[in-house]
Amino acid sequence: MAFTVKEFRDLVRLLEEHPQWRDELRRLLLTDELLDLPRVVRELAEAQRETERRLASLTERVEDLTRQVQELTARVDALTVQMDDLARHVQELTARVDTLTVRMDDLARQVQSLAGRVEDLTRQVQEMTTGVSTLLGWQRGEAGRREGERYERSIVKRAPMLFSGGVGGPTDDPRVQERLSQWLRGLLEGDRFLPSEEDPTLADLIWWKGDQVVVVEVSVTVDEDDVWRAVRRARTLQSAGVDAVPVVIGDSWDSLETQALAEELGVWWLIHGVPSEAFVAFRRRSPEGTETPVS
0 MAFTVKEFRD LVRLLEEHPQ WRDELRRLLL TDELLDLPRV VRELAEAQRE
50 TERRLASLTE RVEDLTRQVQ ELTARVDALT VQMDDLARHV QELTARVDTL
100 TVRMDDLARQ VQSLAGRVED LTRQVQEMTT GVSTLLGWQR GEAGRREGER
150 YERSIVKRAP MLFSGGVGGP TDDPRVQERL SQWLRGLLEG DRFLPSEEDP
200 TLADLIWWKG DQVVVVEVSV TVDEDDVWRA VRRARTLQSA GVDAVPVVIG
250 DSWDSLETQA LAEELGVWWL IHGVPSEAFV AFRRRSPEGT ETPVS
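Heads up: the sequence shown runs through residues 0 to 294, numbered per numbering that gives the first Met the number 0.
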């Protein structure tokens, strides 16, 4: 049966008047896929909107990341510049350190050279100091020796006055040598030689009055060696039968112990013009050896 235009229009009118019929008619006319298309479109639209939202968020995050990357790039660029500056400074410092190292090496060599020169100078100064000390010691010794010789010559010259008469003199005096030869004749027979510290021929002064003889050691400062030399040389004459007495003459004792030793060993003395009692007694003897009365 043919479907007229009027019927179509009536159908349209009825559908407009009854909207529920439109759904039924649509269900009859369309397939399930077509019927479901609006829902799918809505879902697609919603998915599109969600995608757009996520894309917008992603775009924002990308922009943030881009900004962060740009900032990081700027910081890296700044750090690169700083690193370049630091590298340049390090190179400059390295160059300066190298220069300083060279200078330090030069200074070290100079210091070593100066140290060597100082050692040489120190050695020279020490040698000069030793030489000067030796010279000063020699000068002092020589001065002391000369002073001792002058003092000894003075005592020898004054012997007649100091001993108040008598005979004698230094051991190089011919009269003294002759008398010593007579006294020592018995001791010098054969191959015997006297040690110097016991040899009266080396005494500073030999003086006698009658048969009594004094063996004198002269020293500006009388020490124990002087005392012992006088004693040993006098003992040598005593062993030859001579009435010999040790005597020391000087300007001072070197110590109280030396004076005590002289007293202990029976040594007579004349120290700084002060005589021992035995020395005074010898002065009182006459040149012939007899005791001179005290007036």
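Beta carbons: idealized from backbone N, C-alpha and C, even for Gly.
Check, Outcome
"Among 95, 276, 172, 266, which one has its Cα closest to the Cα of residue 223?", "266"
"With a 10 Å radius around its C-beta and 16 neighbouring C-beta atoms as the bar for buried, classify residue 181 as buried or exposed.", "exposed"
"Taking only the alpha-carbon atoms, compute the straight-line gap between residue 185 and residue 261 and give it to the nearest angstrom.", "29 Å"
"Would you call the CB atoms of residue 187 and residue 214 closer than 8 Å?", "no"
"Could you tell me how far apart the beta carbons of residue 165 and residue 175 are, in whole angstroms, since I believe they sit closer than 8 Å?", "In fact, because the Cβ distance is near 12 Å, the residues do not count as touching under 8 Å."
"By Cβ distance, which residues of its chain are closer than 7 Å to residue 239, with the 5 residues on each side in sequence left out?", "182, 183, 185, 186"
"Output needed for residue 109: all residues of its chain with C-beta closer than 6 Å, excluding positions within five of it in sequence on either side, in chain order.", "none"
"According to DSSP, is residue 220 part of a helix, a strand, or is it coil?", "strand"
"Could you tell me whether the Cβ atoms of residue 147 and residue 244 are closer together than 8 Å?", "no"
"Indicate the three-state DSSP secondary structure (helix, strand or coil) for residue 185 in the structure shown.", "coil"
"Exposed or buried, residue 249, counting other C-beta atoms within 10 Å across all chains shown (16 or more means buried)?", "buried"
"By how many angstroms is the C-alpha of residue 153 removed from the C-alpha of residue 294?", "Confidence in residue 294 is poor, its pLDDT being 43 and thus under 50, which makes the residue's placement unreliable; the coordinate value appears in the next sentence. C-alpha separation (whole angstroms): 29 Å."
"Under a Cβ-count criterion, where at least 16 other Cβ atoms within 10 Å of its own Cβ denotes burial, should residue 7 be classed as buried or exposed?", "exposed"
"How long is the line joining the alpha carbons of residue 149 and residue 115, rounded to whole angstroms?", "49 Å"
"Does residue 287 pass the burial test, meaning 16 or more other C-beta atoms within 10 Å, or should it be called exposed?", "exposed"
"Taking only the alpha-carbon atoms, compute the straight-line gap between residue 163 and residue 141 and give it to the nearest angstrom.", "32 Å"
"Can you tell which of 225, 24, 221 has the C-alpha that lies nearest to the C-alpha of residue 197?", "225"
"Rounded to the nearest angstrom, what separates residue 3 and residue 23 at their Cα positions?", "21 Å"
"Rounded to the nearest angstrom, what separates residue 54 and residue 88 at their Cα positions?", "49 Å"
"Among the residues of its own chain, which have a CB less than 8 Å from the CB of residue 159, if the five just before and after it don't count?", "165"
"Which same chain residues, not among the five before or five after residue 233, have their C-beta less than 7 Å away from its C-beta?", "214, 243, 244, 245"
"Would a C-beta distance cut-off of 8 Å place residue 203 and residue 173 closer than the cut-off?", "no"
"Buried or exposed: residue 95, going by 16 or more other Cβ atoms within 10 Å of its Cβ?", "exposed"
"How would you write the range of the alpha helix (DSSP H) that residue 286 sits in, first residue to last?", "It is not in any alpha helix (DSSP H) - residue 286 carries neither H nor E in the DSSP assignment."
"Rounded to whole angstroms, what is the Cα-Cα separation between residue 26 and residue 14?", "14 Å"
"Can you list, in chain order, the residues of its chain with a C-beta nearer than 8 Å to that of residue 285? Leave out the 5 residues immediately preceding and following it.", "164, 208, 209, 291"
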